[in-house]
Ligand SMILES: Cc1cc2nc3c(=O)[nH]c(=O)nc-3n(C[C@H](O)[C@H](O)[C@H](O)COP(=O)(O)OP(=O)(O)OC[C@H]3O[C@@H](n4cnc5c(N)ncnc54)[C@H](O)[C@@H]3O)c2cc1C
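Numbering (this note's numbering), first residue to last: 105 to 689.
What follows is the structure, given as structure tokens:
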């Protein structure tokens, strides 16, 4: 057992971007006794790649991390700066090309709200005012959410300072977009990402739509180093600051007594004691499998996760292709392409039986198979070509292309082991054929390396719940603003915090780093509260003594960085009234 210390302040489960961010954030506020347990052999989680036959393969998220610009760095940009971590960030303006042949749409959009609005206007004349109005509204809501994540004011201040947020919070994305009277074609262009995700705009809260759109079309920089390298850099920094980071160590159980966390047990049987656990693992898994004993999990916690629908899981093909992108017919960094935007297709995923039937068809699809033929429940496919964002990351004369379609998390649950390899090949064939059908160049003979990822891969490698990668589907009843309000109240087990999608102020993509920071914020606030309680029971002369720890000082100084507990004590009646008023307005 000498491998571990007797006790840690915080054990972090998962050495991913979120886990490392949490460790660094805690350290920056004076918490030094931290253990990070990672079940894999490298940091980074989903973004950790690997090298095969000399070629790097890693997930390149189509929505890059939001660093902001040099002049106006985002919260993440400032966090890395404050942590003393230099990142190779470079300007990059292309956002996405949207190709919808059946709708006569082929438009490439760039960063900057005005520029994107002009580009949509060029494709659909007369829409500039509406699109820029929508984008500016998204930005207002985004800024309000950022401010509210620091301090949730009283009802009057909320209405005065955040009128756009209040007015739109009770409505779906479809309802707010409709107020701009845009032609359907412009709405389709603006909807591609949501169709890809399988989210219907009439059930997606406008607040969550706004968070994503405002960030996606803001000026940003692209990370010129692999995200796995970034995670490694964060790990080294956390270790230099005193954290213990251990690989190939799976936390199997989270130990709880009388409603409070007191440690974890690894798959090797080591019992490690701590005051707090930060989990990058979904609450779905923690509350149903990891907490020991399960009787310590409140029914409300199980109900809470059960009431939310899991978002999609990816079927991805990552390829290294001989020849330049131009030679291979790949013209953009990120392309959404689809042959349909029917809402029915989005809202009614294929049943398991239908999915099984399609997957069981082992014949390779024809080259002209439309995107719809790809056996997922969604029509939209995303293609990311790393060469355009970061040419240095790809060997000269090669193309790095990844294609992803999203499937329901249930898609693979009935697949027999023996048919799985064939199904993977079939899926990859379908994705590639659909892309070639759009791009017009058959690069198949020139593929030199290929990796196919399914929800099964993700689930096995990372342990994400059912292979999902985006947490839960945004829904009005689990509104981001409500999550922000009630975050403190939703600490079902004392001392246990979650990162990722459960970070309330984050949308469903790009949540890794802010999610880690928020989970650290929960721990820091709780430490502060405990300290305050101790101080208030001490005599006045000792309350201000020199013995105050670094934790107390630094967390007090930076109280505004995360006020989840403060928000938790805000009168919930007041909050509900505010939303209702927003809806009435
Ligand atoms: C194809 C694809 C496309 C994507 N596109 C985007 C995009 O455009 N934009 C975007 O922002 N995101 C995108 N994502 C999702 C993004 O990669 C994830 O959101 C992100 O990696 C989640 O980061 P995380 O730090 O929260 O945890 P993860 O990356 O999920 O890592 C969790 C870590 O915890 C470890 N772990 C799990 N259980 C245990 C345990 N019991 N004990 C010890 N360790 C454990 C895992 O090994 C892993 O290292 C995409 C993902 C994929 C696969």
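Cβ atoms here follow ideal geometry from the backbone N, Cα and C, with glycine treated the same way. Bear in mind the structure is a predicted one, so any value in this text is a computation, not a measurement.
For residue 243 against residue 275, the beta-carbon gap comes to about 17 Å, at or over 8 Å, which does not count as contact. A Cβ-Cβ contact shorter than 7 Å links residue 286 with residue 231.
Where residue 338 is concerned, there is no enclosing beta strand (DSSP E), although the alpha helix (DSSP H) around it starts and stops at 331-344. Per the C-alpha coordinates, the member of 277, 494, 248, 254 positioned closest to residue 265 is 248.
Considering only 554, 617, 517, 583, the residue with the shortest C-alpha distance to residue 572 is 517.
Separation of the CB atoms of residue 342 and residue 120 is rounded to 12 Å, and the pair is thereby denied contact status at 8 Å. Distance check between residue 496 and each of 207, 388, 536, 193 places 193 closest, using alpha-carbon atoms only. DSSP, reduced to helix, strand and coil, places residue 615 outside both helices and strands of the structure shown, so it counts as coil. Taking C-beta separations shorter than 7 Å and ignoring five residues to either side along the sequence, the partners of residue 289 in its chain run 207, 209, 228, following chain order.
Cβ-Cβ distances below 8 Å link residue 211 to 201, 202, 223, 224, 226, 227, 293 in the same chain, with the five nearest sequence neighbours on each side left out; the list follows chain order. In the three-state reduction of the DSSP assignment, residue 508 falls in the strand class.
Within 6 Å of the C-beta of residue 485 there is not a single heavy atom belonging to ligand 1. Boundaries of the beta strand (DSSP E) harbouring residue 193: 193-195, taken from the DSSP string. Inter-segment contact for the region 145-163 and the region 127-136 is absent: fewer than three beta-carbon pairs are separated by less than 8 Å. DSSP places residue 361 within a strand segment (E or B) once states are collapsed to three. Annotated three-state conformation of residue 529 is helix, per DSSP. For the options 395, 372, 328, 640, the alpha carbon positioned closest to that of residue 361 is the one of 395. Measuring C-alpha to C-alpha distances from residue 167 to each of 214, 544, 141 identifies 214 as the nearest. With a cut-off of 8 Å on Cβ pairs, the region 406-416 is in contact with the region 494-513, counting three or more such pairs. Shortest Cα-Cα distance from residue 235 to any of 506, 314, 382, 221 involves 221. Counted as a single uninterrupted DSSP element, the beta strand (DSSP E) harbouring residue 349 occupies residues 348-350.
Judged by DSSP in its simplified three-state form, residue 311 adopts helix.
Contact annotation: the region 111-120 touches the region 142-151, with at least three C-beta pairs closer than 8 Å. When distances are taken from the beta-carbon of residue 330 to the heavy atoms of ligand 1, even the shortest one reaches 6 Å or more. Cα atoms of residue 325 and residue 170: separation of roughly 7 Å, rounded to the nearest angstrom.
Checking the 6 Å criterion, the Cβ of residue 151 is within range of a heavy atom belonging to ligand 1. Here the region 615-626 makes no contact with the region 350-368; the two share fewer than three CB pairs at distances below 8 Å. The nearest non-hydrogen atom of ligand 1 is less than 6 Å from the C-beta of residue 122. Short of 6 Å from the beta carbon of residue 637, and not among the five residues preceding or following it, lies no beta carbon of its own chain. Within the chosen limit of 6 Å, ligand 1 reaches the beta carbon of residue 616 through at least one heavy atom.
Our two residues, residue 504 and residue 426, have alpha carbons roughly 9 Å apart in a direct line.
Residue burial annotation: residue 107 is exposed, with fewer than 16 other C-beta atoms found within 10 angstroms of its C-beta. For residue 242, the enclosing alpha helix (DSSP H) covers residues 232-254.
Annotation: the region 166-234 contains the following complete segments of the beta strand (DSSP E) (minimum length 3 residues), in chain order: 193-195, 198-204, 209-214. Around the CB of residue 331, 16 or more other CB atoms lie within 10 Å, so the residue is classed as buried. Under the DSSP assignment, residue 264 falls in the alpha helix (DSSP H) whose first and last residues are 259-265.
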